[in-house]
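Everything on this sheet refers to the single structure shown next.
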Amino acid sequence: KQEVTQIPAALSVPEGENLVLNCSFTDSAIYNLQWFRQDPGKGLTSLLLIQSSQREQTSGRLNASLDKSSGRSTLYIAASQPGDSATYLCAVTSSNTGKLIFGQGTTLQVKP
Amino acid sequence: NAGVMQNPRHLVRRRGQEARLRCSPMKGHSHVYWYRQLPEEGLKFMVYLQKENIIDESGMPKERFSAEFPKEGPSILRIQQVVRGDSAAYFCASSPAGTGATEAFFGQGTRLTVV
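So the sequence lines, in the order shown, correspond to chains A and B. Heads up, my numbering is the position in the first sequence plus 57, with the first residue counted as 1. Heads up, my numbering is the position in the second sequence plus 1315, with the first residue counted as 1.
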């Protein structure tokens, strides 16, 4: 059974710092991995999608890497800003139906 | 191209009433997924539907919960005889193809409160 774990559960950093969020999954047989952002009381915004054959994806100040064999992904945020404060969710697709298995999330606070 | 639309955004029901949550997928998407986010818990898969078919309902509670995605109109998640434990945020996601490699797009969610 696929399980997804995110560490740390919460993180507080001063503005401008570079930071890394971690995601691990127990079954390396995945189709893809997605990183989402969720603001309080809001829906999920897709940040990056990494297919199983890819090693990383970049979008602006965000870079996500995938090491399928070790069951790990990292989300790197460069030059953090207060507007980056949110909960970041990692999810993998293990079945061919596109069903997502989510981690518990990392709640990030960037202090001005 | 409008995103995934869910309504209502907030729903309050008394114990024993029925709750109906609606989800209109993105244009061109015929695959819909429902997820539930209980307070202080992560998102959990509930059900995956294609037009007129339930493909995977392994995450649905055995009783009181049902889902449909008719040929015309939105997908509906129905909860009968709601209890306090049903209070949660319910999210719908859609994709153009129900394959493992396809990106999912989420709606804003419906926050159900049972009083």
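Note that the Cβ used here is the ideal one computed from N, Cα and C, for glycine as well.
If you drop the 5 nearest sequence neighbours on each side, which residues of the same chain put their C-beta closer than 8 angstroms to that of residue i?
i	result
LEU1326/B	ALA1334, LEU1336, THR1425, ARG1426, LEU1427 and THR1428
GLN108/A	TYR88 and ASN89
SER126/A	SER85
GLU72/A	SER137, GLN138, PRO139, VAL167, LYS168 and PRO169
GLU113/A	ILE107, ASN120, ALA121, SER122 and LEU123
Mapping the DSSP letters down to three states, classify residue i as helix, strand or coil.
i	result
ARG94/A	strand
ARG112/A	coil
ASP124/A	strand
ARG1399/B	helix
PRO1323/B	coil
PRO169/A	coil
PRO139/A	helix
SER1409/B	strand
SER103/A	strand
Taking Cβ-Cβ distances shorter than 7 angstroms, what residues in chain A pair up with residue i?
i	result
ASP1371/B	THR154 and LYS156
PHE1406/B	GLY100 and LEU101
Please check the pair residue i and residue j, which I expect to be a contact at CB under 8 angstroms, by giving their CB distance rounded to whole angstroms.
i	j	result
PHE1360/B	LEU157/A	7 angstroms
VAL77/A	TYR145/A	Between TYR145/A and VAL77/A the Cβ distance is about 11 angstroms, and since that is not below 8 angstroms, they are no contact.
GLN1332/B	HIS1346/B	So it is not a contact: roughly 30 angstroms between Cβ atoms.
CYS80/A	SER130/A	4 angstroms
ALA67/A	GLN161/A	That pair is no contact at about 11 angstroms.
Give me the chain A residues within the contact set of residue i, using Cβ-Cβ distance strictly less than 8 angstroms, ordered along the chain.
i	result
TYR1363/B	THR154, GLY155 and LYS156
HIS1346/B	GLY155
PHE1360/B	LYS156, LEU157 and ILE158
SER1410/B	GLY155
Excluding the five sequence neighbours on either side, which residues of its own chain have a C-beta within less than 7 angstroms of the C-beta of residue i, listed in chain order?
i	result
SER142/A	LEU165, GLN166 and VAL167
SER1402/B	LEU1427, THR1428 and VAL1429
GLN59/A	PHE82, THR83, ASP84, VAL149, SER151 and ILE158
PRO1385/B	GLU1367
TYR1405/B	LEU1336, TRP1349, ARG1351, LEU1392, GLY1424, THR1425 and LEU1427
ASP96/A	ALA143
Between which residues of its own chain and residue i is the CB-CB distance below 6 angstroms, once the five residues before and five after are set aside?
i	result
TYR1363/B	TYR1348, ILE1370 and ASP1371
ARG1393/B	ARG1335 and SER1381
SER1339/B	MET1320 and PRO1389
MET1375/B	MET1361 and VAL1362
Since residue i meets chain B, which of its residues come closer than 8 angstroms, beta carbon to beta carbon?
i	result
GLY162/A	GLY1357
GLN91/A	GLU1418 and ALA1419
LEU106/A	GLU1418
Using a C-beta to C-beta distance shorter than 7 angstroms, which residues of chain B count as neighbours of residue i?
i	result
THR99/A	A small fix is needed here, since residue 99/A is Lys in this sequence, not Thr. Ordered by position in chain B, the residues that pass the 7 angstroms Cβ test against LYS99/A are GLN1423.
| Sequence ranges, beta strand (DSSP E) only - wholly within the region 1340 to 1393 of chain B, length at least 3 | 1346 to 1352, 1358 to 1365, 1368 to 1371 and 1380 to 1383
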